[in-house]
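Take the sequence shown: its letter number 197 is residue 197 in full-length UniProt numbering, and every next letter is one higher. The beta carbon of each residue, even a glycine, is placed where N, CA and C say it ideally should be.
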Amino acid sequence: DNLSNSDLRNIEGFLDEVVFFKGDVRDSDVVSKAVEGVDAVVHLAALIDAVESFEKPLLYHEVNVYGTHVLLKKCVDLGVSRFIYASTTAVYGEPVKVPTPEDEFLKPINPYGLTKALSEELVRYYSRAYGLKTTIFRLFNVYGPKQWRSRYAGVITKFIERVSKGEPPIIFGDGEQVRDFIYVKDVAKVFVKSLEEGVDGVYNLGTGRGVKIKDLAELVIKAFGLKDLKPIHAPPRPGDIVRSVADITKLKKTFNIEFTDLEEGLKKTVEDYLRKLNLRKPDNA
1 DNLSNSDLRN
11 IEGFLDEVVF
21 FKGDVRDSDV
31 VSKAVEGVDA
41 VVHLAALIDA
51 VESFEKPLLY
61 HEVNVYGTHV
71 LLKKCVDLGV
81 SRFIYASTTA
91 VYGEPVKVPT
101 PEDEFLKPIN
111 PYGLTKALSE
121 ELVRYYSRAY
131 GLKTTIFRLF
141 NVYGPKQWRS
151 RYAGVITKFI
161 ERVSKGEPPI
171 IFGDGEQVRD
181 FIYVKDVAKV
191 FVKSLEEGVD
201 GVYNLGTGRG
211 VKIKDLAELV
221 IKAFGLKDLK
231 PIHAPPRPGD
241 IVRSVADITK
251 LKKTFNIEFT
261 DLEEGLKKTV
271 EDYLRKLNLR
281 KPDNA
């Protein structure tokens with residue numbers, strides 16, 4: 001990890017158990033050191049801001065597509081047997097079917113989604129050409145503790161940051177947009193199961209339950225125990241998808257997992273945020 005959108009303190013409790021390499025996924029020398037001698041690779045390195053991807057499409061291609069190529073090639077060269085790729089719901093664009101199954105036609109509507117779709121093709125190519133065992137997870141909206149202080153943070157994090165200061169959450173557009181939010185520990189459990197059981201293929205990774213953004217804002221306010229705070233609205237952002245909900249029929253057939261309830265996950269996320277910044281809830285909570 002080059003720590004461009006993350007914080008080493010997030011893993012400070014595990015540094016005795018892991019070897020950390022600081023570097024860029026495009027740097028073949030660093031990648032070689034990181035993957036040498038390992039059995040499996042879970043690839044989560046990426047730029048992920050849909051709006052920023054319109055401003056920096058070439059950078060997104062370099063990091064997300066070329067970086068994936070570098071990692072795949074080194075996995076093949078160094079004998080890695082399994083590769084798990086963290087893709088995204090953005091590859092679907094504005095889907096025809098909602099909830100959306102894995103066989104939905106891919107038609108991304110922003111450069112970010114396009115780079116992830118292209119990277120999926122690279123993963124499939126390396127699987128066919130070199131026999132690399134691969135799994136692709138199309139992540140929906142992942143949230144949870146430790147996702148702070150970054151322009152790449154998700155909508156839940158941004159709502160929490162504002163509400164913690166007694167400021168209203170900002171909703172881009174009318175708030176009717178629908179998203180499927182999955183707790184980060186649930187994602188980690190599925191990744192681990194995939195590694196342990198040797199699961200191949202493409203899977204949506206969401207809960208199958210959609211929530212309107214305007215309702216999400218109210219849930220975050222509720223998690224802080226506030227009553228009088230109301231969201232404010234801003235113009236819609238380019239490249240934002242209106243409805244995004246996972247069809248998890250295939251996921252449920254393969255993985256036996258219970259998903260964290262959204263309100264419970266929000267409670268844990270708020271508690272972590274306040275604890276890390278040594279804050280308390282606003283006075284009118």
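Asked: Pick out whichever of 241, 63, 43 has its Cα sitting closest to the Cα of residue 174.; Found: 241
Asked: Just the C-alpha distance for residue 152 and residue 48, rounded to the nearest angstrom, thanks.; Found: Any reading at residue 152 must be qualified, since the residue scores a pLDDT of 47, below 50, and its modelled position is unreliable; the value itself is stated next. If you take the alpha carbons of residue 152 and residue 48, they lie about 7 Å apart.
Asked: Identify whether residue 255 lies in helix, strand or coil by the three-state DSSP scheme.; Found: coil
Asked: Is it the case that the stretch 37-53 contacts the stretch 91-99, given that we only count it when at least three CB pairs across the two stretches are under 8 Å?; Found: no
Asked: Out of 79, 58, 56, 69, state which residue places its alpha-carbon closest to the alpha-carbon of residue 38.; Found: 79
Asked: Taking residue 265 as part of the alpha helix (DSSP H), name the residues at either end of that continuous run.; Found: 262-276
Asked: Between which two residues does the alpha helix (DSSP H) harbouring residue 82 extend?; Found: Careful: residue 82 lies outside any alpha helix (DSSP H), inside the beta strand (DSSP E) at 82-88.
Asked: Is it buried or exposed, residue 256, if we count other Cβ atoms within 10 angstroms and call 16 or more buried?; Found: exposed
Asked: Can you give the Cα-Cα distance for residue 164 and residue 179, rounded to whole angstroms?; Found: 22 Å
Asked: Since residue 182 sits in a beta bridge, which residues does DSSP pair it with?; Found: 142
Asked: Whole beta strand (DSSP E) runs in the stretch 33-114 with 3 or more residues, listed along the chain?; Found: 40-43, 82-88
Asked: If distances are taken between C-alpha atoms only, which option among 58, 190, 40, 210 comes closest to residue 253?; Found: 190
Asked: Taking just the CA atoms, how far does residue 106 sit from residue 54?; Found: 19 Å
Asked: Would DSSP call residue 152 helix, strand or coil?; Found: Low local confidence applies: a pLDDT of 47 at residue 152 is under 50, so the model's placement there is unreliable, with the coordinate-based value given in what follows. Correct three-state label for residue 152: coil.
Asked: Taking all protein chains shown into account, do 16 or more other C-beta atoms lie within 10 angstroms of the C-beta of residue 60, making it buried, or fewer, making it exposed?; Found: buried
Asked: Less than 9 Å between the beta carbons of residue 101 and residue 250, yes or no?; Found: yes
Asked: For my contact list, residue 216 and residue 160 are in at a C-beta cut-off of 8 Å; report their separation, rounded to the angstrom.; Found: About 11 Å separates the two Cβ atoms, so there is no contact after all.
Asked: Would you mind stating whether residue 119 and residue 65 have Cβ atoms separated by less than 9 Å?; Found: yes
Asked: Would you give the residue range spanned by the beta strand (DSSP E) that residue 229 belongs to?; Found: Run containing residue 229: none; DSSP gives neither H nor E here.
Asked: Helix, strand or coil, according to DSSP, for residue 222 in the structure here?; Found: helix
Asked: Do residue 133 and residue 82 come within 9 Å of each other at the CB atom, strictly closer than that value?; Found: yes
Asked: Output yes or no for whether 9 Å exceeds the beta carbon distance between residue 63 and residue 31.; Found: no
Asked: Measuring alpha carbon to alpha carbon, tell me which residue in 260, 41, 208 is nearest residue 192.; Found: 41
Asked: Could you check what DSSP says for residue 165 in three-state terms: helix, strand or coil?; Found: coil
Asked: Could you say which of 187, 195, 239, 169 lies nearest to residue 112 if we only look at CA atoms?; Found: 239
Asked: Return the CA-CA distance between residue 115 and residue 109, expressed in angstroms with no decimal places.; Found: 11 Å
Asked: Out of 260, 221, 137, which has the shortest C-alpha to C-alpha gap to residue 166?; Found: 221
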